[in-house]
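Here is the structure we will look at.
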Amino acid sequence: MTTLKLFSRSGSLLRKLAAVLSAAVVLNAGLVALHAAQIPKLYNTGVDDAGKILGNNAVDPHYTLTVSPDPGFPGPEARTLNPGFPVGPWLAEGPNSRWIAPRAQQSTGNEPGDYTYRTTFDLTGFDHTKAMITGKWSSDNGGVDILLNDANLGWSNPAQFGAFTDFSITEGFVAGINTLEFIVNNAPPGVNPTGLRVEMFGTVELPAEPPALVEQPKGKSLIVGDSVTFSVLATGTPPLTYKWKFKGADIDGATDTTYTIDAVKLTDAGDYTVLVKNDFGEKLSEPATLAVFEPILGLFNTGVDDTGTILADGTADTHYKIVLNADGDAPFDPLVQDSTVFPIVTGPWVLHLEGDLSRWIGPRAETSGAAGGDYVYQTKFDLTGFDPTTAFLSGNWSTDNEGLDILLNGASTGLKNTAQFGGYTPFSLTSGFLSGGNTLEFKLNNAGAGYTGLRVDGLRGGAKKGSVGDAPRIVSAPQSATVFVGDSHTLKVVADGTPPLKYQWKFNGNDLTGQTADSLTLATIALSDEGEYSVVVSNNAGSASSNPARLTVYEKVTTLFGTGVDPTGAPLPDDTVDPHYQLTASADLDFPGPDALTLLPGFPVGPWIAEGPTSRWIAPTSAQGTGNLPGEYRYRTSFNLDGFDVSTVVILGNWATDNSGLDILLNGSSTGLPGGSFTSYTPFTINSGFVAGNNTLEFVISNAGDTVNPTGLRVDMRAGGRPKVTPTPITIGGKPTLAAGKINLAWTGGKGPFTVQKKAKLTDADWVDVLTTPDRTASVNLEGGQGFLRVVDRVTFTVTLSGAAERPTPVTTAGTGSGTLMLDGNKLTVDITYSGLTGTVSAGHIHGPATAEQATGVLQGLIPALGAAGGTAGTIKGEVNVNSATASHMINGLTYVNIHTSFAGGGEIRGQAVPQP
965 MTTLKLFSRS GSLLRKLAAV LSAAVVLNAG LVALHAAQIP KLYNTGVDDA GKILGNNAVD
1025 PHYTLTVSPD PGFPGPEART LNPGFPVGPW LAEGPNSRWI APRAQQSTGN EPGDYTYRTT
1085 FDLTGFDHTK AMITGKWSSD NGGVDILLND ANLGWSNPAQ FGAFTDFSIT EGFVAGINTL
1145 EFIVNNAPPG VNPTGLRVEM FGTVELPAEP PALVEQPKGK SLIVGDSVTF SVLATGTPPL
1205 TYKWKFKGAD IDGATDTTYT IDAVKLTDAG DYTVLVKNDF GEKLSEPATL AVFEPILGLF
1265 NTGVDDTGTI LADGTADTHY KIVLNADGDA PFDPLVQDST VFPIVTGPWV LHLEGDLSRW
1325 IGPRAETSGA AGGDYVYQTK FDLTGFDPTT AFLSGNWSTD NEGLDILLNG ASTGLKNTAQ
1385 FGGYTPFSLT SGFLSGGNTL EFKLNNAGAG YTGLRVDGLR GGAKKGSVGD APRIVSAPQS
1445 ATVFVGDSHT LKVVADGTPP LKYQWKFNGN DLTGQTADSL TLATIALSDE GEYSVVVSNN
1505 AGSASSNPAR LTVYEKVTTL FGTGVDPTGA PLPDDTVDPH YQLTASADLD FPGPDALTLL
1565 PGFPVGPWIA EGPTSRWIAP TSAQGTGNLP GEYRYRTSFN LDGFDVSTVV ILGNWATDNS
1625 GLDILLNGSS TGLPGGSFTS YTPFTINSGF VAGNNTLEFV ISNAGDTVNP TGLRVDMRAG
1685 GRPKVTPTPI TIGGKPTLAA GKINLAWTGG KGPFTVQKKA KLTDADWVDV LTTPDRTASV
1745 NLEGGQGFLR VVDRVTFTVT LSGAAERPTP VTTAGTGSGT LMLDGNKLTV DITYSGLTGT
1805 VSAGHIHGPA TAEQATGVLQ GLIPALGAAG GTAGTIKGEV NVNSATASHM INGLTYVNIH
1865 TSFAGGGEIR GQAVPQP
């Protein structure tokens, strides 16, 4: 009978017992929590996912009203209340929960009857038999019961809405999703206030699991004096203990989830690990390597003296030189800019603040009148006594306008600052350093006449003492490029080693006579200049060869133009209709097109990219100081590809827009190329989707805002491709003549040079070469009484293979290869040697049609047909017959040889088959 009374929760004695039991459970929960985890996603009423209380009249995301006797408010939404009555007699809202109800306006209330509120939580991955929830609830009117997974728990709330009633749940949990329901009775008669309030906390033990590491400690590269913190994130049955180790030995006192060294020393370099243990096992982390470098001296932020102290406004910064100066002479010591005026004093440039360690510098102390164009700021530092292969630099830069590049020892790093002047862009350099003196250059563009400057902050670097020896090493290899016929292009190498260094440039593996400097300039480029360029650097201690740089040469498409230029490519005058672009869609009915015009002088050019020299802004009206209505605008240009192999055509360009560039359409189809903004260009490349004959290119932009404002388009682009070559068959004209013991032949067609071959009998195995001539006539000695002659038009190709030539992703490998191909009609003779591969050869093919920058499918197998698979070196030698389509692609320079290995299944080394003149 006592037990029955106890579970009925009736009588004052029982309430006292329940209170004692509840207190005991709470105390026990505190003890269990030392070895348990919090039940995830178990929420109080009226809070968000972070546990913060919701606003008024908000849907509770964690509780649903599953039973409601009020047809006007059937659920499933349960809402927080509007301010006012009945909160007052009800418990006050917050700080850890709120009342919820079928409706927010409980000063009116809901129909009488039983309401059920449900919440769920997930015990997946936990030991559900060790779960426990302790809490308290309040309700209007009485709380009928709490149900766990549809089972009644017998916990009522007789105190109703003026106080909380404690509850505790220690059994009835299941693996996976659990449901917890609170049944509230709204007493009659008639509509009156009702609601639920719950605050609870749950714990659950993990299964008996040994430690597992979710996040390993991470290695660091630091400079002497830096601080470092290693951390680990582990799971497993609590409690977990931690022991950090250095080079395998325990570190005294390092028993937390993190380990910190306040100021690293050279002797702190090495591997750090942590051993995580519990009652069920242990787990040792992977080593985190700490590399400690000595600081590189002589690195300075902009606008400071030799001690790092901020210079006064207007003072020359002697640590930097302007070596390219659109505003005047170079080299020139830049000046610290005036921080008391626009654009520094209140922005929009990064502000000069107390405690800063850098300042803005520029060609003037106040740059409102500075010229538009490119600027290069150079600083120098010395690595004498350091191993340059271990050096690194890091920092942050801000520019007005775009930061075009950071150059290390004259070589581009490709690092840009498109964020410009409103904040910093971080940068990091880990290669390209030289023994001894080094140069670091920041190149930026001032979009138009007006404010410009550079700010470098946090510039620091480190390296290890030592050297790299006397022999040459390639620090920065020449880079592949795409150029057009008639261009000039310079290839450059940066090399290190004991002076004097000697240079020899090569083209397709052959020495270029007289090209013995550290750079190679090709002036007035022709199609015949396409190929692979490399350089050998030597001194008395040895030599080093660069990876080949592929120079791809295209014939220009002369019918494609940027915006705002005449048929010669020169900029149009102000307020002039662009002859190459039409406005095909306009959001402004007063300016519907089709005319697109160059602008009148002045605003918005200034924040917009400056006009010229190879393009101009165009717009629906030239008066963009006023602008046009917001909405979408489209500008279309057309060009013709007659005479080109359209599979080789590429457009290389940049576009700028006000406001956003939505897309570029080629022949009506989206390229998915969005634009950027009006202060800098967004580059784009289009290399597919072209058709023979006429093509269209359409630029889609959006003008933002609610009223008339500036809008415009700026395009700077070029296009090129390979001429379409269709070989004509050789036809011997008329009957050969005989004179003075010679047979005289004449023929038409073919490309040349030509080879005349003979057979004594047609049944002989091979044709024998008699002579080679560039002409379409030949005289052959008559031998014997009979014989047969033929004329063949052979095409020879050179192939240089490397991992750097692989596309779409270059491969790092020591493997190389080279050789020749000879096409005689449909017979292809192959002679290629390769060596030094990282993996063993699995296959070799001729692929096409593709330029050197494209990747495509197989046209002809070479391995195992002409060479053995397996091994890291070998030859591909012999003859295969190719079809006419493959022969045509080869003649047009659209094939490449690819050798596939176990190391790189997509190809470890590759080389374009380059037709020889």
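Take the sequence shown: its position 5, counting from 1, is numbered 969 in this note's numbering, and each next residue is one higher. Every residue, glycine too, gets a C-beta built ideally from N, C-alpha and C.
Identity of the residues DSSP links to A1115 by a beta bridge: L1112, per the DSSP bridge assignment.
- prompt: Between R1740 and A1710, which are expected to be in contact by the criterion C-beta below 8 Å, what is the C-beta distance as a whole number of angstroms?
  reply: Yes, they are in contact, since the Cβ atoms of R1740 and A1710 sit about 6 Å apart, within 8 Å.
query: From F971 to N1116, what does the alpha carbon distance come to, in whole angstroms?
result: Because F971 sits at a pLDDT of 26, beneath the cut-off of 50, its placement in the model cannot be relied upon, and the following sentence gives the value as read from the coordinates. CA-to-CA, the gap between F971 and N1116 works out to about 12 Å.
- prompt: Can you tell me the Cα-Cα spacing of V1517 and T1850, whole angstroms?
  reply: So the two alpha carbons sit approximately 21 Å from each other.
field: For V1314 and Y1284, the rounded distance between their alpha carbons
entry: Distance between the alpha carbons of Y1284 and V1314: 20 Å.
- prompt: What is the DSSP secondary structure of I1370, counted as helix, strand or coil?
  reply: Reduced to three states, the DSSP call for I1370 is strand.
- prompt: For S1376, which of helix, strand or coil comes out of DSSP?
  reply: DSSP places S1376 in strand when its eight states are reduced to three.
query: In its own chain, which residues sit with a C-beta less than 8 Å from the C-beta of P1004, not counting the 5 before and 5 after it?
result: So the list reads F1085 and D1086, once near-sequence residues are dropped.
query: So what's Q1342 in DSSP terms, helix, strand or just coil?
result: Strand.
field: Distance between P1738 and G1835 (C-alpha atoms, nearest Å)
entry: Using only the alpha carbons, I get a separation of about 42 Å.
message: Please classify S1633 as buried or exposed, where buried requires at least 16 other C-beta atoms within 10 Å of its C-beta.
response: Exposed, since its Cβ has fewer than 16 Cβ neighbours within 10 Å.
- request: Check whether the Cβ atoms of A1668 and N1623 lie closer than 7 Å to each other.
  value: Yes. Within cutoff.
- prompt: At what residues does the alpha helix (DSSP H) containing H1853 begin and finish?
  reply: From DSSP, the alpha helix (DSSP H) with H1853 extends over S1848 to I1855.
- request: Name the two residues that bound the continuous beta strand (DSSP E) containing Q1824.
  value: Bounds of the beta strand (DSSP E) holding Q1824 are V1822 to I1827.
Beta-carbon gap between G1311 and A1413 smaller than 7 Å: Not closer than 7 Å, so no.
query: Do the region 1154 to 1172 and the region 1089 to 1107 make contact, defined as three or more Cβ pairs closer than 8 Å?
result: The region 1154 to 1172 is in contact with the region 1089 to 1107.
message: So, with DSSP's three-state summary, where would you put A1885?
response: Within the shown structure, residues of the chain are numbered from 965 to 1881, placing residue 1885 beyond reach of any answer.
Beta-carbon proximity list for L1018, same chain, < 8 Å, skipping 5 on both sides: If we look at L1018 and ignore the five residues flanking it on each side, its Cβ neighbours are G1010, V1011, D1012, D1024, T1044 and R1062.
message: Using the Cβ count rule (16 or more neighbours within 10 Å means buried), how would you classify N1242?
response: Taking a 10 Å sphere around the C-beta of N1242, we find 16 or more other C-beta atoms and assign the residue as buried.
query: What did DSSP end up calling S1191 once you bin it into helix, strand or coil?
result: In the structure shown, S1191 falls within a coil segment according to DSSP collapsed to helix, strand and coil.
- prompt: Do D1542 and G1528 come within 7 Å of each other at the CB atom, strictly closer than that value?
  reply: Annotated as proximal: G1528 and D1542, with beta-carbon spacing under 7 Å.
query: With burial defined as no fewer than 16 other Cβ atoms inside 10 Å of the residue's Cβ, what is the status of S1883: buried or exposed?
result: In the structure as shown, the chain starts at 965 and stops at 1881, and residue 1883 therefore has no counterpart that could be examined.
- request: State the Cα-Cα distance for the pair T1820 and E1747, rounded to the nearest angstrom.
  value: Going from the Cα of T1820 to the Cα of E1747 covers about 49 Å.
query: Is F1125 helix, strand or coil by DSSP?
result: Judged by DSSP in its simplified three-state form, F1125 adopts helix.
query: Whole-angstrom Cβ separation of T1601 and N1631, contact assumed at under 8 Å?
result: In fact, because the Cβ distance is near 12 Å, the residues do not count as touching under 8 Å.
message: Quick check on P1647: buried or exposed, where buried means 16 or more other Cβ atoms within 10 Å of its Cβ?
response: P1647 is exposed by the Cβ-count criterion.
field: C-alpha distance - F1555 paired with L1561, whole-angstrom precision
entry: In this model, F1555 and L1561 are separated by some 11 Å (Cα to Cα).
field: Those residues which DSSP pairs with E1596 across a bridge
entry: The beta-bridge partner set that DSSP reports for E1596 consists of S1666.
- request: Quick one: using the 10 Å Cβ neighbour count with 16 as the cut-off for buried, is G1478 buried or exposed?
  value: The residue is exposed, with fewer than 16 neighbouring Cβ atoms inside 10 Å.
task: Drop a sphere of 10 angstroms on the beta-carbon of L991, count the other beta-carbons inside from all chains shown, and report buried for 16 or more, exposed for fewer.
output: Per-residue confidence for L991 stands at a pLDDT of 27, beneath the threshold of 50, marking its modelled position as unreliable; no derived number is given.
query: CB-CB under 6 Å to G1430, same chain, minus the five flanking residues each way: which ones, in chain order?
result: Short of 6 Å from the beta carbon of G1430, and not among the five residues preceding or following it, lie these beta carbons of its own chain, in chain order: D1351.
- request: Answer yes or no: do L1263 and L1476 have a C-beta to C-beta separation smaller than 7 Å?
  value: Between L1263 and L1476, the C-beta spacing is not below 7 Å.
- prompt: Which term fits G1052, buried or exposed, when burial requires 16 or more other beta carbons within 10 angstroms of its beta carbon?
  reply: It counts as exposed.
Cβ distance (whole Å) where G1106 is taken to contact P1122 below 8 Å: With a Cβ gap of about 6 Å, G1106 and P1122 count as contacting.
task: Mind checking which residues open and close the beta strand (DSSP E) that includes K1470?
output: Segment K1466 to F1471, the beta strand (DSSP E) holding K1470.
message: So, under 8 Å CB-CB, G1857 and V1878 are touching, yes? Tell me the CB distance rounded to an integer number of Å.
response: 6 Å between Cβ atoms; contact.
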